[in-house]
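Chemist:
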Amino acid sequence: MTILIELPADLVGEKEIISDTNELVLDGGFFMPKMESECGFEAPEINSYGHSFRDYDAESERQKSVEEFYRLQHINQTCEYVKRMREEYGKLDKIKMSIWECCELLNNVVDDSDPDLDEPQTEHLLQTAEAIRKDYPNEDWLHLTGLIHDLGKVLLLPEFGELPQWAVVGDTFPLGCAFDESIVHHKYFEDNPDSKNPAYTTKNGIYQEGCGLENVVMSWGHDDYMYLVAKENRTTLPSAALFIIRYHSFYPLHKAGAYTHLMNEEDVENLKWLNIFK
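If you're matching positions, the sequence shown starts at 2 in this note's numbering and goes up one per residue.
#1: Would DSSP call M264 helix, strand or coil?
#2: For L272, which three-state DSSP category applies?
#3: Hey, how far is the Cα of L73 from the Cα of Y208?
#4: Leaving out five residues before and five after H187 in sequence, what residues of the same chain have Cβ atoms less than 7 Å from its Cβ?
#5: In three-state DSSP terms, what is S66?
#6: What number of angstroms, rounded off, separates the C-alpha of E215 from the C-alpha of S66?
#7: Is the beta carbon of L126 less than 9 Å from the beta carbon of H150?
#8: Counting only the same chain and skipping the five closest in sequence on each side, list residues whose C-beta sits under 6 Å from that of I246.
#9: Can the beta-carbon of V230 be found less than 9 Å from the beta-carbon of L148?
#10: Which full runs of the alpha helix (DSSP H) of 4+ residues lie inside the stretch 77 to 124, going along the chain?
#11: Any idea what DSSP makes of P138, helix, strand or coil?
#12: Taking only three categories from DSSP, how would you classify A259?
#13: What's the gap between the Cα of F190 and the Cα of T173?
#14: Below 8 Å on the Cβ atoms is my guess for N265 versus G211; work out the distance and round it to an integer in Å.
#15: In this structure, what does DSSP give as the bridge partners for M227?
#16: Please report the distance separating the alpha-carbon of V170 from that of E124.
#17: Do K84 and the ligand MG come close, with the Cβ less than 8 Å from some heavy atom?
#18: What do you get for H75, buried or exposed, if any count of 16 or more other CB atoms within 10 angstroms of its CB means buried?
#19: Report the three-state DSSP secondary structure of P194 (helix, strand or coil).
Shown next, in the form of structure tokens:
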């Protein structure tokens, strides 16, 4: 996927505009402000209706379908599968469109993994961006990140291959090492082929401690796809934005504190922004 950005008239000519290529132009002169080392954010445990967020054990009409979703995800997400998906979708040859056209496409998407989210996907994106703009009015790069963070869910649509739900949405997690017990519905990993590979079943697995999350194979989905779209098109968004896009569904990390032994110093700094985002 290639996303086209229209620059304001007064900026045309100041930047080199690349046309007829697979380039994503995102240039607003964004920069990373300094943050207090202890700055953090506690996500609320209940929503405005008094219901718990992300309660995968509560009895509901969607509970059974959500559990079945995670059963399929945990069985089918393997290192080999992710390698194939990254090779195919890293070509960015599916379609070319503007950000808003992509946002509108998301209204045709239903996320079967989420027990809470019922509003249209576009409404979720706008609410996210506006909430961030209200709390952090000077961080325009963060507003944009909020708007585009879920655009990779277009993978569910025919134009992008119509991948199954388990290959697009849901919580993400590392592959190539032991599956942490904090991962929702962890029991279904026993049927994942990677769980039979001794090289993948230790705490570090195929990685070195402190190797950095950039070097860790993550389960395939909309997060990793949108990260590839931005990175391969040489986005000018800061590294914190790419971190948010790629790891915003990595709940075992930013909710349970798992896999921190694989992080490097840059990951630690970027996690502060992800905690603000979530």
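Here a beta-carbon is modelled for each residue, glycine too, at the ideal position from N, C-alpha and C.
The structure displayed is predicted, hence computed values, not measured ones.
Modeler: Reading off the structure:
#1: coil
#2: helix
#3: If I take the Cα positions, the gap works out to 26 Å.
#4: F180
#5: helix
#6: 32 Å
#7: yes
#8: H150, M227, Y228
#9: no
#10: 80 to 90, 100 to 106
#11: coil
#12: coil
#13: 13 Å
#14: 6 Å
#15: Partner(s): none; M227 has no beta bridge.
#16: Each residue's alpha carbon lies about 17 Å from the other.
#17: As presented, the structure is devoid of all ligands, the ligand MG included, so that no description of it is given.
#18: buried
#19: Of the three classes helix, strand and coil, the one that applies to P194 here is helix, per DSSP.
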